[in-house]
Every structure is written in structure tokens, then in C-alpha cells.
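Just so you know, we're using my numbering here: the sequence shown kicks off at 279 and counts up by one. Positions of the beta carbon are idealized from the N, C-alpha and C atoms, including for glycine. Just so we're clear, the structure is a prediction, and the values are computed from it rather than from any experiment. Each remark here refers to the structure printed beneath this line.
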Amino acid sequence: MEISAIIHSIVLGFGTGLALIVAIGAQNAFVLRQGLLGRHVGAVVAVCAGSDAVLIAAGILGMGGLVAAAPAVVVALRYIGAAFLLCYGAMAARRAFRPRSLLPREDSGDGLTARDGSAGSGSAASGSAGSGSVVSGSVVRATSGTGTSRTATIAHTKGTHATDLSPALATILALTWLNPHVYLDTLVLLGSVAHAQGGDLQWWFGAGAALGSILWFCSLGFGARLLRGFFARPASWRLLDGGIALTMAGLAAGLALGN
């Protein structure tokens, strides 16, 4: 097998995979938001890239034929996915319209700060002039009259960082596997192009497509921190969540109508 043929298959797979992945969609919107919040980015990116790798391999192994032979399953996924996207879009709309916005904490890297757009750092003054507190996600920062501060973790949920990983993973899994287009695009389309390579080259094509997926989701998730300056304003979060809500509604309508 010539090296040039292997390189050609890898590059073709890389470009084809990116062409299918790089689009405004539910999955990408969720990864971007998690990246901006700095919450479980590695786990979310791993689920997305890992799911693509599994689907690409399944397409090369000929599983796309099963999808084509079972249109009823695709139709069922369309409606289930549409319902899920509507629910997710409604939650995004609620975040966009409520008066307080969630902003990433620079000092903790994973916590959240609730702000209502007022000046300062979002601190709330208490009834006394000598003390105050800032409630931020799962952290309370208390200040005394002497100017010293101490940080205490709220015990309302033990292991909050660990437990809120489950909803994030459940959401990204649903956004990925309840989308019927992922089966048509990855299993059927990518699988067909891979088979056209012939022999072992189809696996090099698949490796290129998987590499494109890894690079894209890593760039989207870990690169989102570069936009944190812009999203330091509550209005920016409202704009993002409003855009996500409209995108989810449009995608849900498209799925329900069979587009």
C-alpha cells in the first residue's frame, strides 16, 4: 500500500468529517456553552469525539445498511429528538429571559457567579456595615469588618462538582444519539465514502474523520475560554442563550417535519 494513498484517504476523511461536524447544531451549542462555563469540558468533548469514532467505525463495518433498512427507527428518533430539543430550547429561553445570568468564575475555574448586571463584582451587602457575603454557585465568600476574607463551601449538596457531571453527560449523550442526522450522515454517508476507498484504506479514511472530530470538539470546548472576556457581561449570556433557544426550536421543527 502506497504512503500517498494512505495520506490521501486520511486527508479525505478529515475534510469530509469536518464538513459534516462543523455546523450550528444542538451538540456544538452545548459544547460551546460548557466551554464558556469551564464545566466538565474534557468529559463532554470525550463523549462527542468518542461517539463519532464509534459511529464512524460502525459505518465502515456496514451498519449503515441497517439504518437504511429500518426507516421506522429513524422516524421514531426524529420525533423523540424533536421533543428533547424543544425542552432544551425552552430551558435556554428561560435562562435568556430571567434577570440573573450565570458567568464563569475566573478564580475557581469551575464555579459560577450569579450576576444581575449591577456594578462591582456581584457582592451582596448584608444588613450590617461591617460584614457582607457573596453567594457564588456552590461557594460563599464572607468578609469581616477587618477586611479579611475566608471561603467556605456550602454543604447543601455534598460533592456538587461530581454530581452535576451526570446531567451534563446525560444531556450531551441525548443531543448526540437522539439526532437522526448523526446516523444518516455518519453511518450512511461517511460509511459509503469510506467503502469507496476500498481495502484497508477505508480505515485510514475513518481515522482521518475521527481525527477531524477530535480536533473540532477540542477547539470548540477548550478554545471557548478565549471568549470569556466577551461573556463577562450578562447581556452576552442572554444573547447566547437566546440564540441557542432559537436554534433548538428550528432544529426541532426541522426534525418534526422530516427535514
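If you run the structure through DSSP and keep just helix, strand and coil, what is residue i?
| i | result |
| --- | --- |
| ALA368 | helix |
| GLY395 | Residue confidence is low: GLY395 scores 41 on pLDDT, short of 50, so the model does not pin down where it sits. Its coordinate-derived value is still stated next. Here GLY395 sits in coil by DSSP. |
| VAL300 | coil |
| MET526 | helix |
| HIS286 | helix |
| GLY313 | helix |
| ASP330 | helix |
| ARG503 | helix |
Have a look at residue i and residue j and give me their C-alpha separation to the nearest angstrom.
| i | j | result |
| --- | --- | --- |
| ILE288 | GLY477 | 14 Å |
| ASN306 | SER497 | 11 Å |
| GLY484 | ALA474 | 12 Å |
| ARG317 | PHE495 | 15 Å |
| ALA350 | ARG511 | 46 Å |
| GLY528 | LEU315 | 24 Å |
| TRP515 | MET369 | 13 Å |
| ALA472 | ALA374 | 42 Å |
| ALA530 | CYS365 | 10 Å |
| ASP330 | GLY507 | 31 Å |
| GLU280 | ILE492 | 26 Å |
| TRP481 | ALA347 | 24 Å |
Under the rule that 16 or more other beta-carbon atoms within 10 Å means buried, what is residue i, buried or exposed?
| i | result |
| --- | --- |
| CYS326 | buried |
| SER444 | exposed |
| ILE338 | buried |
| ILE522 | buried |
| SER470 | exposed |
| GLY536 | exposed |
| SER490 | The question names Ser, but residue 490 is Gly in the sequence shown. GLY490 comes out buried. |
Please work out which residues of its chain come closer than 7 Å, Cβ to Cβ, to residue i, disregarding the five sequence neighbours upstream and downstream, and give them in chain order.
| i | result |
| --- | --- |
| VAL319 | GLN312, GLY313, GLY499, PHE500 |
Measuring CB to CB, does residue i end up less than 8 Å from residue j?
| i | j | result |
| --- | --- | --- |
| LEU310 | ALA502 | yes |
| LEU363 | LEU533 | yes |
| ARG356 | PRO458 | yes |
| ILE334 | ALA513 | no |
| VAL466 | GLY342 | yes |
| LEU479 | ALA283 | yes |
| GLY451 | ILE358 | Rather than Gly, the amino acid found at residue 451 in this sequence is Leu. Contact: no. |
| MET526 | ALA361 | no |
| GLY486 | GLY328 | no |
| THR294 | LEU468 | yes |
Confirm the yes/no value for this check: CB of residue i, any heavy atom of the ligand MN, distance under 7 Å.
| i | result |
| --- | --- |
| LEU535 | Looking for the ligand MN in the displayed structure turns up nothing, as the structure carries no ligands at all. |
Enumerate in chain order the residues of its own chain whose CB-to-CB distance from residue i is below 6 Å, with the five nearest sequence positions on each side excluded.
| i | result |
| --- | --- |
| GLY367 | ALA523, MET526, ALA527 |
| LEU453 | ALA304, GLN305, PHE308 |
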